[in-house]
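Worksheet for the structure shown next.
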Amino acid sequence: MKTMGTSRLLCQRKLGCSLAGEEGSLMEDGDKVFLDVFCQAGVQCPGMRKLVIKRNPAIRKTVYYHIREQILNGTIGPNERLTEAKIAKEIGTSRTPVREALHSLELEKFIKSISSVGYVVLPISKEDVEQMCEIRGLIEGLAASWAIKKAHKKLVRELAKNITSSERAIAESDVESFMELDGQFHETIAKLSGSERLLEFSQTLRRHMLRYRAQTIYLSESLKGKGSRGQFMRAIEGHKRILDAMETTDNIPGVLEAIGWHLEQSKKDILSDALGENEKQSTTEDRDR
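Under the numbering used here, the first residue of the sequence shown is numbered 1120, with each subsequent residue one higher.
Okay, here's the thing in structure tokens:
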């Protein structure tokens, strides 16, 4: 528990005790702020109390999503420093919810805390990308096998609709819609698996993958660029392979193979585009020094 300052509180029961108004300490602990009143009359005094001020959790979530989105879309880049004061000013809130949001993002491995520096966004590494793709293959393969057993017809129907919408988004050069649909494709499989835990794991992994692809997704103004269009077409090809393998309920090995192919293509795109761009920038920065 962290001391935030001091305050004075009169006796709750207004007993008139000369000691009831002693100064107390304002303490911070997680989601609550406690005003501890130190009364020399003793703990049995009916006027003793702790004032509990509950914070609005919506503010903390708003700050968290704001920072996370800026990391995911590349607005805040790798190794960039994050300061509580600056973020609080941008959003128009106090530093406490910002501090909590940064702590959550550190636990999720989006940022790291460095002594005397503060928080910085973790850089992308080849090892991270390879491990993330391999883990996703295991998680999504399990989710797909469960979804096929529990909701096969709905699964095939929803994925087919998703692919049609994704192709329309590409034709219209709508990056935002395509990326949303891309996430929904994988989320549909996880949701229909019937496991909340699998869904949670899948969503966390996809957020990290989206961050890795940010430089080739969000930094492209449209889908007209040859490289960007090729990447998105490969994503749809992967989704079609997965759907084709799911047409029957007894082709789990084929589904796993299709998921593996799709993730392998994603890994290649990230390593050749996003990670390659990072290495290029690092080389340029070193030369400029």
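In this text, a Cβ means the ideal position worked out from N, Cα and C, and glycines have one as well. A quick note: this is a predicted structure, and the numbers were derived from the prediction, not measured.
According to DSSP, which residues form a beta bridge with residue i?
i            : result
residue 1201 : 1238
residue 1233 : 1237
Short check: CB of residue i to CB of residue j, under 8 Å?
i            : j            : result
residue 1196 : residue 1240 : yes
residue 1384 : residue 1357 : yes
residue 1242 : residue 1198 : yes
residue 1212 : residue 1190 : no
residue 1354 : residue 1317 : no
residue 1256 : residue 1362 : no
residue 1203 : residue 1214 : yes
residue 1206 : residue 1186 : yes
residue 1300 : residue 1365 : no
How would you label residue i, buried or exposed, when you count the other beta carbons within 10 angstroms and need 16 or more for buried?
i            : result
residue 1184 : exposed
residue 1173 : With a pLDDT of 48 at residue 1173, under the threshold of 50, the predicted position of this residue should be treated as unreliable, though the coordinate-derived value follows. It counts as exposed.
residue 1369 : exposed
residue 1342 : Residue placement at residue 1342 is poorly supported in this model, since its pLDDT is 45, which falls under 50; the coordinates are not used for a value here.
residue 1372 : exposed
residue 1352 : exposed
residue 1321 : buried
residue 1327 : buried
residue 1237 : exposed
residue 1276 : exposed
residue 1216 : buried
residue 1220 : buried
residue 1290 : exposed
residue 1305 : buried
Just confirm the distance between the C-beta atoms of residue i and residue j, as a whole number of angstroms; I'd bet it's less than 8 Å.
i            : j            : result
residue 1324 : residue 1389 : Incorrect: roughly 13 Å between the Cβ atoms, too far for contact.
residue 1359 : residue 1252 : Between residue 1252 and residue 1359 the Cβ distance is about 19 Å, and since that is not below 8 Å, they are no contact.
Quiz item: Quick check: the stretch 1283-1291 against the stretch 1370-1380, are there 3 or more CB pairs under 8 Å?
Solution: Pairwise C-beta distances place the stretch 1283-1291 out of contact with the stretch 1370-1380, as fewer than three of them are shorter than 8 Å.
Self-check item: Cβ contact check for the stretch 1307-1317 and the stretch 1249-1268: 3 or more pairs under 8 Å
Solution: Because the criterion of three Cβ pairs below 8 Å is met, the stretch 1307-1317 and the stretch 1249-1268 touch.
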